[in-house]
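Residue numbers for the sequence shown, in the working numbering: 3 to 177.
Even for Gly, the Cβ is constructed at its ideal location relative to N, Cα and C.
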Amino acid sequence: MSKIASDTKMLAEGTVIIALTVILKDVLPPIYQLPQGGSVSAAGMVPLLWFALRRGLRPGLEAGTVYGLVHMALPGSYIVDPIQALLDYPIAFAALGLAGMFRKYPLAGVGVGIFGRFLAHFASGVWFFSQYAPAGTHPVVYSAIYNGSFLFVEFIVSAILIYIVVKRRLLEIYL
Numbered sequence: 003m004s005k006i007a008s009d010t011k012m013l014a015e016g017t018v019i020i021a022l023t024v025i026l027k028d029v030l031p032p033i034y035q036l037p038q039g040g041s042v043s044a045a046g047m048v049p050l051l052w053f054a055l056r057r058g059l060r061p062g063l064e065a066g067t068v069y070g071l072v073h074m075a076l077p078g079s080y081i082v083d084p085i086q087a088l089l090d091y092p093i094a095f096a097a098l099g100l101a102g103m104f105r106k107y108p109l110a111g112v113g114v115g116i117f118g119r120f121l122a123h124f125a126s127g128v129w130f131f132s133q134y135a136p137a138g139t140h141p142v143v144y145s146a147i148y149n150g151s152f153l154f155v156e157f158i159v160s161a162i163l164i165y166i167v168v169k170r171r172l173l174e175i176y177l
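Printed below as a string of structure tokens:
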């Protein structure tokens, strides 16, 4: 297959993955929604993780960034500052692309990708959302608990589904 055909195939696949992520994360109602943002979705991160594991680091980072920009433009996004917007949307979802470094160890890739997303939301929470911390709770502790609460559940769901994908050999399909 020529380089142009291969690149076109990857671009088309990435576009479908981003659209599927929009459906799972933004169109379908969340399973659980937190008050200042963040939610447990119906496996909303799995398509981006699958794409990163399948295609590698750079395509995974690019697809995550594009999804983060789309997600930020959709109704319901919560933006208080340009830096917070970058941390909570394109950077957080691009971090899922870090899974692409772990193709031989997909569950580790899921963990690293979601941990990367956690770090972006955590930094945003400490810096921009500390006023929501209960009295006497340090912003670092509040942000870790708040963001960890929904991302831990997302990790469990994503890890189970990626495990199934790996066992069914769907990472190699039509490469």
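Bounding residues of the alpha helix (DSSP H) (the contiguous stretch that carries residue i)
i: Pro141; result: Pro141 to Lys169
i: Gln86; result: Pro84 to Leu88
i: Asp28; result: From DSSP, Asp28 is part of no alpha helix (DSSP H); its letter is neither H nor E.
i: Met103; result: Met103 -> no alpha helix (DSSP H), and no H or E assigned at all.
i: Phe53; result: Val48 to Arg57
Nearest-angstrom Cα separation, counted from residue j out to residue i
i: Lys11; j: Asp28; result: 25 Å
i: Ala14; j: Ser160; result: 23 Å
i: Thr17; j: Gly62; result: 12 Å
i: Ile20; j: Trp52; result: 11 Å
i: Val128; j: Asp90; result: 12 Å
i: Ile147; j: Pro92; result: 22 Å
i: Tyr144; j: Ile175; result: 42 Å
Counted within 10 angstroms of its Cβ, other Cβ atoms place residue i as buried (16 or more) or exposed
i: His123; result: buried
i: Thr139; result: exposed
When the options are compared against residue i, the one with the closest alpha-carbon
i: Arg171; options: Gly115, Pro108 and Phe131; result: Pro108
i: Ala54; options: Gly111, Glu156, Ser79 and Ala7; result: Gly111
i: Arg60; options: Ser41, Val24 and Met103; result: Met103
Supposed close pair residue i, residue j - CB separation, criterion 8 Å
i: Gly113; j: Phe95; result: The Cβ separation is near 16 Å, so there is no contact.
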